[in-house]
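Numbering (my numbering), first residue to last: 181 to 519. Glycine included, each C-beta is placed from N, C-alpha and C at the ideal position. Each remark here refers to the structure printed beneath this line.
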Amino acid sequence: MPAWKDATKTVRDDSIGARIVDRQPLLYYHGADKTLDRPAHVRAGSGLAWTPGGIAVVQDDANFIALVDPVSGMVHSTVLPAGEGGLRQFDDIRGNKHDKLDLEACVAARNGSGVILVAFGSGSTMRRERVAIVTGWDSPRNTASVTPAPALYEALRRVPELAGSQLNVEGAAITGDDIRFFLRGNGATLDGVRPFNGTCDMNWRVLLSYLLSPHGEHSLTARNAVRYDLGNLDGVPLGFTDATEWQNKLLYSAVAEDTADAVLDGRVTGSVIGVLESRGAPRWAPVTDSAGNLFCAKVEGLVPEPRSATRLYAVVDSDNPHAPSELCTVELLGRWKSD
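Shown next as structure tokens:
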């Protein structure tokens, strides 16, 4: 795919690396629950955030938020409202993939005396213009809700630099007073308009006020929009999948997936982790396995490992409803902080 003329180009930096040193399949401690339509494992992990309950794992095709203790490996779940037909799992096998929330990005932040987790739908269809909100982490049972957020997605589509062929929100990170959204450029070409990777910022408090009270008067504005040329792996273009704040910088993950649009899955040739620089071009390195070989799987979410200055947790989506997502520990090698 040709690069956009005005896109910020990223560079592969062979002096840095991102190596997986541990892999943990995500299996629910209490197993499957047919009454909730919950499988025995975490499906399609697509975003990570630290919460008082552990690492929250957002899933794009199941109405549950997994809560992982990375030390013990214990996995519990917060139940989201059921979807069409009272179901909470959505895929091609069931024939209901079009009904899924497609939650692809999440953030957790202080709100008053507690913590709020917000998970964002991709916006790739009207059904996916919804957000999940979880609060009450200090109570025995937290509170989860799903609400439409059309004004958010309309604000993203109004930005000229982001007005590509198909919206696909894949990552989010809070930075200062803002939330930065990461849009993945794997949509279909529509009416001659190509997709692209991009980021933009919104005021976090203004957005949160809208999400908690969507019928009030709010003015959502996306700004600081930037298009990116992320490069490719094995000839397949890279697309954003998540982002996280790490040592006062923003790290991002991206995947090389050969897919026709923002809805279909495709062949994955690998994933990368990159860093957005305050000066100079963003740099990235391919994710490798413990033997140093290219890790040909889809890294979908990132959070820092708080006990280490050089490690992250990453969630891997296998695009197989029968296979558990994995929580991987990633060691960052080389000089990731250049300024």
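Notebook entry, point to check: Just the Cα atoms here: how many angstroms apart are ALA331 and LEU297?
Noted result: 19 Å
Checklist line | Bridge partner(s) assigned by DSSP for ILE359 | finding: ILE354, MET382
Note to self: Counting C-beta neighbours from all protein chains within 10 Å, is the total for SER399 16 or more, i.e. buried, or is it exposed?
What the structure shows: exposed
Check: When the Cα of ASN412 is compared with those of VAL496, GLY472, ARG463, which residue comes out closest?
Finding: ARG463
Next item on the list: Measuring only between beta-carbons, confirm whether LEU400 sits less than 8 Å from chain D.
Entry: Given the protein chain composition of this structure (a single chain), no chain D is represented.
Notebook entry, point to check: For SER293, which of helix, strand or coil comes out of DSSP?
Noted result: coil
Notebook entry, point to check: Excluding five sequence neighbours on each side, which residues of the same chain lie with their C-beta closer than 6 Å to the C-beta of ALA324?
Noted result: THR258, LEU260, VAL314
Note to self: Using 8 Å as the threshold, is the C-beta distance between VAL495 and GLY275 below it?
What the structure shows: no
Item checked: Reference LEU336, options SER293, SER488, LEU363, VAL467, closest by Cα -> LEU363
Check: Considering only the beta carbon of each residue, do TYR333 and GLU350 sit closer than 8 Å?
Finding: no
Margin query: Could you tell me which whole beta strand (DSSP E) segments of length 3 or greater appear in the segment 190-256?
Written below: 197-205, 225-231, 234-239, 244-248
Next item on the list: Look at the alpha carbon of ALA312 and the alpha carbon of ALA299, and state the distance between them as a whole number of angstroms.
Entry: 5 Å
Checklist line | Cα-Cα separation, LEU410 to ILE235 | finding: 28 Å
Check: Is it right to say HIS221 is buried, meaning 16 or more other beta carbons lie within 10 angstroms of its own, or is it exposed?
Finding: buried
Margin query: Report the CB separation of GLU457 from SER518 in whole angstroms; it is logged as a contact under 8 Å.
Written below: Yes, they are in contact, since the Cβ atoms of GLU457 and SER518 sit about 6 Å apart, within 8 Å.
Next item on the list: Would you grab the beta carbon distance between LEU216 and VAL255 for me? Rounded to a whole angstrom, and I think it's under 8 Å.
Entry: Not confirmed; about 15 Å, so no contact.
Next item on the list: With DSSP as the reference, label GLY266 as helix, strand or coil.
Entry: helix
Next item on the list: Give the range of the alpha helix (DSSP H) segment to which ALA335 is assigned.
Entry: 330-338
Check: Which first and last residues belong to the beta strand (DSSP E) in which PHE420 is found?
Finding: 416-426
Next item on the list: Count the other C-beta atoms from every protein chain shown that fall within 10 angstroms of the C-beta of MET306, then say buried if there are 16 or more, exposed otherwise.
Entry: It counts as exposed.
Notebook entry, point to check: Between the C-alpha atoms of GLN418 and TRP426, what's the straight-line distance to the nearest angstrom?
Noted result: Checking the sequence shown, residue 418 turns out to be Leu, not Gln. Spanning the two alpha carbons is a distance of roughly 21 Å.
Margin query: Can you tell me whether ALA442 is buried or exposed? The criterion is at least 16 other CB atoms within 10 Å of its CB, across all chains shown.
Written below: Only weak support exists for where ALA442 lies, its pLDDT of 45 falling under 50; the value from the coordinates is given anyway. Per the 10 Å Cβ criterion, buried.
Notebook entry, point to check: So what's SER389 in DSSP terms, helix, strand or just coil?
Noted result: helix
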